[in-house]
Amino acid sequence: MPEVQTISLYRYSGSKALIQPFGKSDWELFQHVSNPHLQKALKTLRNGDCCRLKFQSQNIWSDHQGASVLSRQVFLDLVKAMQRQHMQLLCCADLNIVGASAGTFFFQKEPEDRQTQLACLQLGHVDKVRIVQLPESEIEAFGRILSTNWKYGVSVNNKYGLRGYKLNGQPWMAMETSNSKHIDVCKLVISMLRYMESNGWSRVVPFDCTTSDYDADSLLFFRDGLGFEQPKSEFCAVALERMHKIRLIGSSDELSRSAFESAVRKHWRSGVSETNNFQDSRQIKCIGRPWYPHTTEENIASAKLVCGVLQELWSLGWRWHCAIDMSVSVEDKSTFFLSRNNLTATSDDGSQIGCLQPKGSGKVNIVSFPKSILQRVIVGIQRKNWNVPLLKIEMHGANCATVKFQCADLHRGCSTNQMIRTDKIYTDLLTIVGGSSEGVTILGSADISGQHSSSNDSMASSLDTDAFFFSFATSGGAVPMTPEVRNVNRNSISSGAHTPQTFLVTIPPNIYPGMQFTVNANGQRFMVTCPPDAGPNRKVRIVPPPPFSS
0 MPEVQTISLY
10 RYSGSKALIQ
20 PFGKSDWELF
30 QHVSNPHLQK
40 ALKTLRNGDC
50 CRLKFQSQNI
60 WSDHQGASVL
70 SRQVFLDLVK
80 AMQRQHMQLL
90 CCADLNIVGA
100 SAGTFFFQKE
110 PEDRQTQLAC
120 LQLGHVDKVR
130 IVQLPESEIE
140 AFGRILSTNW
150 KYGVSVNNKY
160 GLRGYKLNGQ
170 PWMAMETSNS
180 KHIDVCKLVI
190 SMLRYMESNG
200 WSRVVPFDCT
210 TSDYDADSLL
220 FFRDGLGFEQ
230 PKSEFCAVAL
240 ERMHKIRLIG
250 SSDELSRSAF
260 ESAVRKHWRS
270 GVSETNNFQD
280 SRQIKCIGRP
290 WYPHTTEENI
300 ASAKLVCGVL
310 QELWSLGWRW
320 HCAIDMSVSV
330 EDKSTFFLSR
340 NNLTATSDDG
350 SQIGCLQPKG
360 SGKVNIVSFP
370 KSILQRVIVG
380 IQRKNWNVPL
390 LKIEMHGANC
400 ATVKFQCADL
410 HRGCSTNQMI
420 RTDKIYTDLL
430 TIVGGSSEGV
440 TILGSADISG
450 QHSSSNDSMA
460 SSLDTDAFFF
470 SFATSGGAVP
480 MTPEVRNVNR
490 NSISSGAHTP
500 QTFLVTIPPN
510 IYPGMQFTVN
520 ANGQRFMVTC
530 PPDAGPNRKV
540 RIVPPPPFSS
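Numbering of the sequence shown is given in numbering that gives the first Met the number 0, commencing with residue 0 and proceeding in unit increments.
This is the structure:
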């Protein structure tokens with residue numbers, strides 16, 4: 000996997016940005032920036048391979064309307080500087096349950112001959128769409144798209160030096176409801192994405208660069224070269240509502256609706272209480288509270304549900320377009336936008352969908368990974384020299400695991416040193432996952448939990464993080480890593496001619512139930528599977544299959 004580099008935006012004794020890893024050649028990053036805030040920022044090397052930027056303004060990452068516009072302009076110039084270094088933005092993730100972080104941005108090396116244009120739209124306050132950057136020739140048509148697809152009314156709202164629009168009805172307050180306006184908001188955003196995609200803006204990375212919990216995402220679009228008109232695509236949305244509802248919006252295809260419902264029933268073991276159709280949507284009410292989990296098992300179950308729904312729709316040609324937080328509520332969750340065109344409408348490439356899910360107490364859940372890839376990821380994690388101690392890896396069936404670090408505040412950091420630590424861990428995790436198979440693709444990040452805290456004497460705050468979603472091509476790929484066990488005690492439990500021989504095996508420290516490893520005994524090699532009731536360092540008797548030649 001190519002080099003991964005991160006930029007974290009945070010407020011701790013001032014507004015700051017942290018870039019890592021940062022080498023001597025990376026100083027070129029700042030040579031051609033024209034943004035005065037980036038030019039005047041105090042730049043300091045930390046830990047030998049990190050660069051901290053401290054801005055003169057205390058409110059760069061503030062959610063105040065004027066400051067929030069400024070923050071996006073500063074961030075946009077940072078992305079442009081990274082592109083000049085041939086680093087492509089992969090995704091933005093909130094890795095802090097609480098704290099002063101505005102988000103961590105993950106970049107990856109891209110081909111040097113790629114010329115990429117940028118556009119940026121901000122979902123501002125409760126009712127604004129601001130054009131931070133878009134070619135002048137496309138702005139008027141974009142305004143018509145808003146007016147045509149928002150029946151409550153649209154007016155021009157140019158402010159802070161930007162073109163913008165005010166949408167009547169406060170759309171960014173509607174997402175945590177189950178009424179018709181919620182559906183209208185999703186359809187409005189679908190119309191925006193369709194317009195941008197038809198003009199060549201085929202890739203979008205949602206992001207937030209303020210430290211407020213009361214903020215919707217902005218959208219960063221990418222277009223190669225001069226752009227060209229893409230094939231007209233279908234779009235749909237999968238929305239996570241309240242604590243227990245999930246809705247498919249925008250697809251009139253009955254096959255897709257049936258697949259959506261089938262996936263929810265299959266992947267949510269607690270069951271479904273009700274299914275209903277309203278306007279151009281199908282809503283399912285789940286028994287329990289999948290979007291308000293508390294335990295590790297509940298978090299994994301909700302993530303498996305989302306992965307299962309995305310995978311079922313993937314098999315019908317629906318591909319990840321982006322996942323957007325369109326709500327200013329602290330209970331906000333991402334809405335998943337999928338698209339397909341004539342090339343993918345009947346395409347099932349056999350891919351599987353999984354995710355990395357950061358959680359409290361130093362935990363990271365690995366959810367719905369293909370079995371062989373999960374094995375390789377676990378081996379990679381076990382072999383890595385981490386900057387904080389790795390306590391344990393706990394398996395949850397054959398496709399899920401929980402990694403626990405000895406770092407209770409892993410997702411609660413505010414200081415520069417804490418940001419360095421957390422960013423390094425996730426850079427390494429993404430590198431391990433990306434290197435586990437040639438067919439791994441990072442799709443993006445999303446918030447699938449509405450957990451929040453509130454009290455009578457304080458403001459409510461969000462208590463969740465973003466999960467990283469991946470697609471795994473299941474055909475081909477590398478052979479699973481198979482650690483060997485030597486000097487096995489071979490013992491026949493009976494002299495009967497038809498009684499199978501067994502091996503007394505000590506399970507290696509990096510092997511868990513369902514994982515395969517090789518056993519060497521009397522000059523022969525056997526491939527065996529760790530039993531479901533076994534685990535690292537335990538002694539078990541195993542009936543071997545026929546030996547294989549080396």
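Even glycine gets a Cβ: it sits at the ideal position worked out from N, Cα and C.
What you are looking at is a predicted structure, and each value in this text was computed from that prediction instead of being measured.
Sheet register partners of residue i (DSSP bridge)
| i | result |
| --- | --- |
| Q116 | R222 |
| Q356 | N364 |
| L337 | C235, W319 |
| M86 | K108 |
| I245 | L239, I283 |
| Q351 | F471 |
| R71 | According to DSSP, which records beta bridges pairwise, R71 is partnered with nothing at all. |
| C208 | Answer is none; C208 lacks a bridge partner. |
Alpha carbon of residue i to alpha carbon of residue j, nearest angstrom
| i | j | result |
| --- | --- | --- |
| L44 | R129 | 35 Å |
| R193 | R318 | 14 Å |
| T147 | S100 | 37 Å |
| Q4 | I441 | 15 Å |
| L166 | Q405 | 47 Å |
| R540 | V504 | 6 Å |
| P292 | S269 | 13 Å |
| I6 | S190 | 31 Å |
| K284 | L239 | 10 Å |
| G349 | Y9 | 40 Å |
| Y164 | K127 | 6 Å |
| A140 | W149 | 14 Å |
| R222 | V271 | 41 Å |
| R339 | E233 | 5 Å |
| Q19 | D252 | 45 Å |
| W200 | Q278 | 29 Å |
| G13 | C208 | 15 Å |
| G412 | V308 | 32 Å |
| N156 | T115 | 29 Å |
| P357 | L94 | 7 Å |
For residue i, the three-state DSSP class (helix, strand or coil)
| i | result |
| --- | --- |
| F29 | helix |
| P35 | helix |
| I18 | strand |
| S217 | strand |
| G434 | coil |
| A533 | coil |
| V327 | coil |
| A92 | strand |
| A80 | helix |
| Q132 | strand |
| A496 | Bear in mind that the predicted position of A496 carries a pLDDT of just 36, short of 50, making it too unreliable to give a figure here. |
| V518 | strand |
| V539 | strand |
| K391 | strand |
| G13 | coil |
| K158 | strand |
Span of the alpha helix (DSSP H) around residue i
| i | result |
| --- | --- |
| T103 | T103 -> not in any alpha helix (DSSP H); beta strand (DSSP E) instead, spanning 100-108. |
| V376 | 370-382 |
| A258 | 253-266 |
| Y194 | 179-197 |
| I144 | 135-148 |
Extent of the continuous beta strand (DSSP E) to which residue i belongs
| i | result |
| --- | --- |
| G443 | 439-445 |
| R10 | 3-10 |
| L312 | Segment 295-313 is the alpha helix (DSSP H) holding L312; no beta strand (DSSP E) there. |
| T401 | 399-404 |
| N275 | 271-277 |
| Q57 | Element bounds for Q57: n/a, residue is neither H nor E. |
| H124 | H124 -> no beta strand (DSSP E), and no H or E assigned at all. |
| I506 | Counting along the chain, I506 falls outside any beta strand (DSSP E), and DSSP gives it neither H nor E. |
| G163 | 162-166 |
| M172 | First-last for M172: undefined, no H or E at that position. |
| P289 | Taken as a continuous stretch (DSSP letters only), P289 belongs to no beta strand (DSSP E), as it is neither H nor E. |
| S154 | 153-155 |
| R411 | Taken as a continuous stretch (DSSP letters only), R411 belongs to no beta strand (DSSP E), as it is neither H nor E. |
| T43 | 41-45 |
Worksheet item: When the Cβ atoms of the segment 256-269 are set against those of the segment 406-426, are three or more pairs found closer than 8 Å?
Response: no
Worksheet item: So, do the segment 384-396 and the segment 19-30 have three or more beta carbon pairs nearer to each other than 8 Å?
Response: The segment 384-396 makes no contact with the segment 19-30: fewer than 3 CB pairs, one atom from each, lie closer than 8 Å.
Practice prompt. Count the C-beta pairs between the segment 115-126 and the segment 71-90 that are closer than 8 Å, then say yes if the count reaches three, no if not.
Written response: yes
Worksheet item: Within the chosen definition, does the segment 422-431 reach the segment 381-388 through at least 3 CB pairs nearer than 8 Å?
Response: Contact holds: three or more Cβ-Cβ distances are below 8 Å.
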